[in-house]
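Okay, structure first, notes after.
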Amino acid sequence: MIPSRESDKGRVRAMGGFEAVTSTGTENSYDSYLSRYSSEKHPAEIIRVEGEDYIDVSGNGFKNVDQYEGLDGKAVIMPDSGGISWNFNVHNPGIYNIRIHYFPLAGKSSAIERKLTINDSVPFTGADNLSFDRIWGNQDQEIQRDDRGNDLRPKQIEKPEWVLTSFNDSEGYYEEPYSFFFGKGIQKLSLESLREPMIIDYIELYQEKPVQTYEEVKSEYAAAGIQIADDQNLVIQAEDAKRKSSPTLAPLSDRSSPTVIPYDISKIRMNTIGGVNWKLPGQWIEWEVDAKEDGLYQLALKRKQDQLRGVYATRSITIDGEYPFAEMKNIPFNFSMGWQTDILGNGEEPYLFHLTPGIHRIRMTVTLGEVAPLLQTIESSVLELNEMYRKIIMITSNTPDSYRDYQLDKRLPDMIEVFKRQEDTIRSVADYLEQSTGERSDKVAVLYTMVHQLEEMVKAPETVARHLSSFKTNVGGLGTWILSIREQPLTLDYMIVSSPDVKLPRANATWWEKVKHEVGSLISSYTVDYDSIGNTGKADRSVTVWTTTGRDQAQIMKGLIDDTFTPETGISVNLRLVPGNILLPATLSGEGPDVAMQIGEDMPVNYAMRGAAADLTAFDDYDEIVTRFRDSALTPYEYNGGLYALPEQQTFPMLFFRKDILNELGLTPPNTWQDVYNMISVLQKHNMEFYLPIENPTNNATLVPNATFSMLLYQNGGQFYGEGGADSALDSDISMEQFKKWTQFYSNYKFPLQADFSNRFRTGEMPIGIADYSIYNMLTVLAPEIKGLWDFSMVPGTEQADGSISHEVASHTTGVMMLKNAADKDAAWTFMKWWTSKDSQVMFGRAMEGLLGEAARYPTANIEALEELPWPIKDYRNLESQWEWVRGIPQVPGGYFTGRHLDNAFRKVVNEHENPREALSDYILYINDEIDVKRKEFRLPNAMEAEKNGN
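The working numbering applies: residue -13 is where the sequence shown begins, and numbers increase by one.
Quick look at the structure:
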């Protein structure tokens, strides 16, 4: 690139030549596969397999279609589950690339994923998870504005079309399409659905053509007599992109500089695209350029890369589906806090692109480029170092004696060799990065920290046990490094396709422009209402709704309201983003909302006791609406025969386990608690641990009943409260026995009282544990190094008298509540029904994931909506299996003492070795006393009176 400004200071030019250093033991890796067939030929033959000519399918929903969406011929529909196979004859055996012509059928808005097998076996790791993009675009051609003059983020909708794409590495480590070996004769190719439906026209075996260098292309320009375009200056605003690979790539608002186009000092303007949403390998954005004359053009980008200091973000560029020349495969963008305009070039002259008159598609794709082999190397290092860490703790435990020499170098003969090899490997990556970027940034410092520790441990093996904690931290730091380097964010303001002699706009603001911008922004912060979201104008009927979520979530909500709810009902909604602690004082002062969203499950019943929440059973269609949810989600909102909120989100525990480690230990995931007891000894023999969820006692006042105790209690037929919630039922024999079992995990089996499960799960110290299912999202996004090595399933159960196994667990929810003083209760109820409906929950969940990625997958309480969210089929079935066993915990007056004193009793037993029955009995007295006080306060019958009334 050639910056448009004169200075080239600090600009990164990528170095070449670093080759990935990976473990030699990875037999199923793509590198090993290529090595195995390196001597095979690359036949020029193209072999086409028509989709409709399949020989076998497994599952339902497969069928042939004709002339689909403009296709000339037949194709086959492949649903989101099942498999399909084809046979074809190969005359010339050898290495082929594979491409597919497909149409993305409407599904759950996520990428299409398939598993490939050749002759019934997966050729290499990576072929078992092939990804195919959907195509997205703005719903409206023009960006809309609210009634206060602010731009509204355009809704992203699917714009499907037929796509021809190669089978590529979805992780981005290999920029070239995958290569596959096919022998001579009849070959079998199969695809298995992992996620989302598609239509397949054909699959082809072919050879990818090599891309010419710029010098070669430049010579062809001269030979063909192609001239430079005269006086052309086409400015394409980046936010006007026509197509994208993901709904996350919606236009963004940037107010960091007055030079951003369009700009307003106080109003929100959608004026950029990309940013931190455009960061994952394979994500692409495509623009259309209408060239007016045949000729050679230069390409300039106004961009900002302010996220990766010490590393560069990389993009590739194709025009009309092809690389113009090889240099466009990897274009590095160096770190810069401000905006700058770069002309694509080789540092001496701009690259020239040949465009013919008419519409051309320019696509920019996130690619790892020169960083790919670095990431492969460090990922391999992390896996090997984590494996060695597990071997070490099998000898030393997690808390080794710092004064003891465990003679690890003798007991683990390969330890020093591994440390030395990884020291050299990681140092080579750090040196390469430092040389290529010209600075020792925080990204490089992480690597050198690991190098120095490995160096010290090689010199003094007796200190390994003493430094085990810092070693684990540093290896975890490498995992975080992988995640941060793999993300390649870049923000674009506009693209200019022009003649080389055209003067480009200034990217940086002048001193005076900056002053006006800062002063104007300061004044606007006092005069503009930033709490209200979207349109604020009122219709004949209106509802005031408060939410405590983030601004992005609130923007999505308001967009859905303005797009669907208000047009359908004629009811306007004033949505306000408020702090979580403001609802109570606002309600007491008569300034509260009509509807409160995203509230904890303890609030509706507390408000109902005080006459501040509306009873939803009063509405005629109440019985129909509650069928959207499982009974367990409604339980916390029931009080005295009424229901005081509708559930929005519902989460519950699942069993997470590392498949690779359990296989090493000869273990299988437990189905019952007896299976758990059986595996504890094997885990502890290797100094590994089983994780059970335990709450942090620092905020004891708001503790909920422990998840482990709750599942043990419910699986054995216990209850938290007596009839009508008038007293605690924890004094039952069932409760006492399960409380004892729960505490014995910690007093007898020494389970940890505090643990960062997600990190220990990554390292393998805790290869199995029970945790809230929302941790799935975090592991998927934040632990890429263990992708495919873990799974989740139902929690261990308890065998019943009839031989069946109960897997009951307790859930936790958030809800939407109507306040008693709502001015228009029918309008508020209409809003609540709309918000908790399947369509609204699906739209919100998909939009959330589209904006923030998989980490933001929405745990809706609506039964039908969860099925429509983009879960892989296998994982959704696991969730559904557990959801059928979920039970809610009732909320009763004074019930906040239950979780608090249950935890107090637990810690009395574990920390002070008190008898479990006596400890729990003592605290049950406190729980019952508080329940009696509250029932008296709200003029409810106490336990004895309730029992008399029952008789």
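For each residue, glycine too, the CB sits at the ideal point set by N, CA and C.
Shown here, residue 323 sits in coil according to DSSP, grouped into three states, outside any helix or strand. In this structure, the straight-line span from the alpha carbon of residue 335 to that of residue 776 is close to 50 Å. In this structure the region 252 to 264 does not lie against the region 446 to 465, because fewer than three pairs of beta carbons, one per stretch, are closer than 8 Å. Contact check for residue 182 against residue 96 passes: the beta carbons are separated by less than 9 Å.
Fewer than three pairs of CB atoms, one per stretch, sit closer than 8 Å, so the region 801 to 811 makes no contact with the region 143 to 152. The DSSP-derived three-state label of residue 509 is helix.
By the neighbour-count criterion, in which 16 or more other beta carbons inside 10 Å mark a residue as buried, residue 475 falls on the buried side.
Contact between the region 364 to 377 and the region 222 to 239 is absent: fewer than 3 CB-CB pairs across the two stretches fall below 8 Å. For the pair of segments examined, the region 610 to 619 was found to touch the region 819 to 835: the number of CB pairs separated by less than 8 Å reaches three.
The three-state reading of DSSP puts residue 845 in coil, since its state is none of H, G, I, E or B.
For residue 719 and residue 734, the gap between their C-alpha atoms comes out near 21 Å. Bounds of any alpha helix (DSSP H) do not take in residue 278, whose DSSP letter is neither H nor E. Annotation: the continuous alpha helix (DSSP H) that includes residue 663 extends over 659 to 671.
By the criterion of a C-beta distance shorter than 6 Å, residue 625 is surrounded in its chain by 591 and 594, once the five residues flanking it on both sides are discounted. Annotated as proximal: residue 770 and residue 469, with beta-carbon spacing under 9 Å. Going by C-alpha positions, residue 400 is about 53 Å away from residue 62.
214 is the residue among 118, 795, 214 and 850 whose C-alpha sits nearest the C-alpha of residue 488.
Counting other Cβ atoms within 10 Å of its Cβ, residue 871 reaches 16 or more and is therefore classed as buried. Linking residue 93 to residue 186 through their CA atoms gives a straight-line distance of about 15 Å.
The beta carbons of residue 778 and residue 861 sit closer together than 9 Å. Residue 896: not part of any beta strand (DSSP E); member of the alpha helix (DSSP H) spanning 882 to 898, first to last residue.
Residue 784 is bridged by DSSP to 792. Counting along the chain, the unbroken alpha helix (DSSP H) around residue 432 starts and ends at 428 to 445. For residue 318, the three-state secondary structure derived from DSSP is strand. Distance check between residue 492 and each of 326, 473, 257 and 609 places 326 closest, using alpha-carbon atoms only. Look at the beta carbons and you see the region 220 to 239 touching the region 114 to 133: at least three pairs across the two are nearer than 8 Å. A distance below 6 Å between beta-carbons, with the five flanking residues on each side excluded, links residue 690 to the following residues of its chain, in chain order: 885. Nearest to residue 715 by C-alpha distance, out of 723, 705 and 722, is 705. Distance from the CA of residue 497 to the CA of residue 246, rounded to the nearest whole angstrom, comes to 15 Å.
A residue is called buried when at least 16 other Cβ atoms come within 10 angstroms of its Cβ; residue 786 does not meet this threshold and is exposed.
Annotation: the continuous alpha helix (DSSP H) that includes residue 866 extends over 859 to 869. Contact between residue 569 and residue 547 is ruled out by a C-beta separation of about 20 Å, above the 8 Å threshold.
Residues of the same chain with a CB within less than 8 Å of the CB of residue 791, apart from the 5 flanking positions on each side, are 657, 658, 783, 784 and 785 in chain order. Residue pairing of residue 86 in beta bridges, as defined by DSSP: 151 and 189. Check the Cα spacing between residue 369 and each of 465, 421 and 193: the tightest is with 465. Going by DSSP, residue 762 is part of no beta strand (DSSP E) but of the alpha helix (DSSP H) stretching over 761 to 768.
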